[in-house]
Amino acid sequence: MAVYGKHVVAQYDMPHDAEIVRHGLTEKKTLAEAAREIPVIREVDVVVVGGGPGGCAAAVTAARNGAKTVLLERYGHLGGMATGGLVNIIPNLADIEGKQWIGGFCQEVIDRCAARGAATYPKKENWGKPDPKDVERYAEAAMAHFYLRQNAKDERIVLYSAVIDPEVAKDELNIMVEEAGAELLLHTWVVAPIVEGDTVRGVIVENKAGRQALLAKVVIDSTGDGDLLMNLPVETIDYMRPGSRIAQFGFIHWICNVDLEKYDAFRKAEPQRFAEINREIMAGGGSPFFSRSVLDNQTGVVWVFNLIGSLHQTEPEEMTYIDRTARHKAVVGWELLKKLMPGFENSMIMLSCPQLGTSGGRRVVGEYYLTEEDLDRTEPFEDTIAVFADNDRGDASVTHTHVFVPYRALLPKNLEGFLVACRAFSADHEFSEFFNLIPHCMCFGQAAGAAAAIAVKKGLRLRDVPYAELKELLLKGGAILPD
Ligand SMILES: Cc1cc2nc3c(=O)[nH]c(=O)nc-3n(C[C@H](O)[C@H](O)[C@H](O)COP(=O)(O)OP(=O)(O)OC[C@H]3O[C@@H](n4cnc5c(N)ncnc54)[C@H](O)[C@@H]3O)c2cc1C
């Protein structure tokens with residue numbers, strides 16, 4: 003079993019032990035829904051479900067490569083966890099030696115945000131280097147987990163990770179989808195796939211216009227949680243190791259108007275009183291820990307990552323419990339900071355995450371099931387669609403710099419017309435623990451969009467898409483792949 007780096011466990015390992023009260027009926031009772039006619043509102047090549055990192059990449063790539071594409075999203079904005087989850091840090095784009103592995107759609111989003119002054123990352127010449135200024139900056143901001151690692155020479159080096167401004171990113175993703183020629187339908191929940199035999203033919207949605215259908219040659223599930231998998235004849239798995247990174251919900255909120263100079267002066271001048279206040283805040287049910295925003299325009303803004311362990315991340319009662327208790331903790335914590343901590347007197351909560359942070363959920367068992375053993379693999383697969391920097395596995399990462407993902411990890415077994423391009427990709431707990439982050443899901447999306455476009459254009463089954471053509475499209479889209 004892989005071990006998450008010790009700095010990560012220290013930050014993430016906070017499983018809740020509360021028993022969730024379940025209000026459901028104890029006896030098993032079902033109801034037969036009456037059959038009914040519903041309007042078919044679109045007939046297209048590709049439907050992408052969910053506009054998070056995976057879904058945006060999939061829709062943009064499919065449309066850019068000629069497929070008539072519709073992107074469906076339940077909320078009023080794109081970006082998923084990267085915007086609405088206030089998890090706007092895109093880490094591990096290069097390995098510990100400074101070699102970039104993730105380019106393509108992900109790099110384009112960062113570049114387009116940066117062109118609007120809405121992204122920040124270390125200078126390229128510092129990636130993989132012990133630049134003292136950057137090391138100090140990210141350590142001081144409590145962002146070491148995303149930006150700093152120990153290399154083989156025991157130097158503390160700087161990683162290539164980027165932070166984007168979620169509001170600008172939402173706008174930029176809308177623009178990218180529109181420019182690519184994909185149609186976007188927001189405020190639309192996808193509730194079920196339409197299946198004929200072993201082939202997915204479209205989806206059923208519900209929104210303010212009622213219940214409707216969209217037909218498609220390819221459906222891509224980018225819901226994060228693999229919502230469509232529930233109603234498909236595929237094997238899924240949702241095992242999570244208690245206390246691991248993915249076995250958590252995250253409720254993130256941002257506090258503004260913080261006088262960090264005053265806070266630092268107090269912290270240094272009166273360390274004992276500072277420690278006492280921290281203890282008081284924790285005893286009162288809050289958390290005194292935060293990261294400092296590294297975005298240029300966010301002076302005096304701190305980010306609070308409230309993480310709560312959970313093994314049931316798609317259960318509404320659990321989600322309700324977590325949202326309610328985490329929100330209470332956030333407000334109580336801020337009230338205590340404001341009352342007790344010098345520097346927070348004039349602060350306010352500027353924003354809490356509109357999307358509850360979810361890392362786990364269902365995962366598909368696909369044509370290839372990535373496991374712990376693949377973490378140490380040194381040779382690419384014959385159908386490699388992405389290479390990821392291996393920076394988070396503590397000592398193992400010091401010598402093993404990157405891992406590979408095959409196209410088959412997006413293809414469910416025995417099902418046609420359907421791809422999974424989100425954190426529900428085909429992998430066991432150990433592989434997901436390290437490689438289901440925003441940049442990874444963007445790579446899955448880019449590959450799924452490209453494969454769907456090829457399949458539609460050539461009239462092929464998704465599993466028959468020639469790898470050479472897929473690779474060519476991915477390279478054309480800026481992906482970085484082995485020779
Ligand atoms: C607390 C926490 C901190 C994290 N920190 C980081 C970090 O710093 N950096 C990082 O890279 N990763 C981080 N992650 C992980 C990362 O956010 C996710 O793994 C990643 O966002 C997954 O992308 P996705 O596209 O699969 O899903 P999501 O980002 O969840 O996007 C799914 C999209 O689909 C939509 N959707 C869902 N269901 C439906 C439906 N039925 N119908 C229509 N639309 C639907 C959602 O609204 C959403 O827009 C963190 C996760 C958590 C919980």
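Residue numbers 3 to 485, in the working numbering, belong to the letters of the sequence shown in order.
All C-beta atoms, glycine included, are put in the ideal place defined by N, C-alpha and C.
Alpha helix (DSSP H) containing M321: first to last residue?
Annotation: the continuous alpha helix (DSSP H) that includes M321 extends over 318-342.
What does Q214 pair with, by DSSP beta-bridge criteria?
Looking at the DSSP assignment, Q214 forms a beta bridge with V207.
Strictly by DSSP, which residues pair up with P290?
P290 pairs with nothing; no bridge assigned.
Tell me the residue span of the beta strand (DSSP E) that contains L73.
Here the beta strand (DSSP E) through L73 covers 71-74.
Would you kindly check if the distance between the Cβ of I257 and the Cβ of I166 is under 8 angstroms?
No.
Specify, as a first and last residue, the run of the beta strand (DSSP E) that Q274 falls within.
Where Q274 is concerned, there is no enclosing beta strand (DSSP E), although the alpha helix (DSSP H) it sits in stretches over 273-285.
Would a C-beta distance cut-off of 8 angstroms place D97 and D392 closer than the cut-off?
It is a contact, given that the beta carbons lie within the stated cut-off.
Comparing the CB of A450 with every heavy atom of ligand 1, is any distance shorter than 7 angstroms?
False, no ligand heavy atom lies under 7 angstroms from that Cβ.
Just checking R425 against ligand 1 - is the residue's beta carbon closer than 7 angstroms to any of the ligand's heavy atoms?
Correct: R425 has its Cβ closer than 7 angstroms to ligand 1.
Could you pull the start and end residues of the alpha helix (DSSP H) that A455 belongs to?
Counted as a single uninterrupted DSSP element, the alpha helix (DSSP H) harbouring A455 occupies residues 440-460.
Just verifying my parser: in three-state terms, what is the DSSP assignment at L161?
Residue state, collapsed to three classes: coil.
Would you say the beta carbon of F107 is closer than 7 angstroms to some non-hydrogen atom of ligand 1?
For ligand 1, not one heavy atom lies less than 7 angstroms from the Cβ of F107.
Buried/exposed call for M145, threshold 16 Cβ in 10 Å
Buried.
Considering only their Cβ atoms, is the gap separating R203 from L217 smaller than 8 angstroms?
Against a cut-off of 8 angstroms, the Cβ pair of R203 and L217 comes out as a contact.
Residue from V48, G53, I324 with nearest C-alpha to R425:
The candidate whose alpha carbon is nearest that of R425 is G53.
DSSP state of A4, grouped into three classes?
Confidence in A4 is poor, its pLDDT being 44 and thus under 50, which makes the residue's placement too unreliable to answer from.
Check whether the Cβ of T373 lies closer than 7 angstroms to any heavy atom of ligand 1, and answer yes or no.
Checking the 7 angstroms criterion, the Cβ of T373 is out of range of every heavy atom belonging to ligand 1.
E174 and R247 closer than 8 angstroms at C-beta
Using a Cβ distance threshold of 8 angstroms, E174 and R247 do not count as a contacting pair.
For ligand 1, is there a heavy atom less than 7 angstroms away from the beta-carbon of D229?
Under cutoff, so the answer is yes.
Three-state secondary structure (DSSP) of R365
Residue state, collapsed to three classes: strand.
To which residues does DSSP link L421 through a beta bridge?
I222.
Residues of its chain near Q13, where Cβ-Cβ distance is below 7 angstroms and the 5 sequence neighbours each way are ignored:
In this prediction, Q13 has a pLDDT of 47, which is less than 50 and means its spatial position is unreliable; what the coordinates show is noted afterwards. Result list for Q13: H147, in chain order.
Buried or exposed: where does W336 fall if 16 or more other Cβ atoms within 10 Å of its Cβ makes it buried?
The residue is buried, with at least 16 neighbouring Cβ atoms inside 10 Å.
Would you call the CB atoms of A533 and S224 closer than 8 angstroms?
Coverage of the chain is limited to positions 3 through 485, which leaves residue 533 absent and any answer about it impossible.
From the DSSP output, read off the bridge partner residues of I196.
Answer by DSSP bridge pairing, in chain order: G204.
Can you determine whether any heavy atom of ligand 2 sits closer than 7 angstroms to the C-beta of C445, and answer yes or no?
Inclusion of ligand 2 in the displayed structure is not the case, the ligand content consisting of ligand 1 alone.
Which full runs of the beta strand (DSSP E) of 3+ residues lie inside the region 123-157, going along the chain?
The qualifying runs are 150-152.
For Y323, count neighbouring C-beta atoms within 10 Å of its own C-beta (all shown protein chains included) and say buried if the count is 16 or more, exposed if not.
It is buried - the Cβ of Y323 has at least 16 other Cβ atoms within 10 Å.
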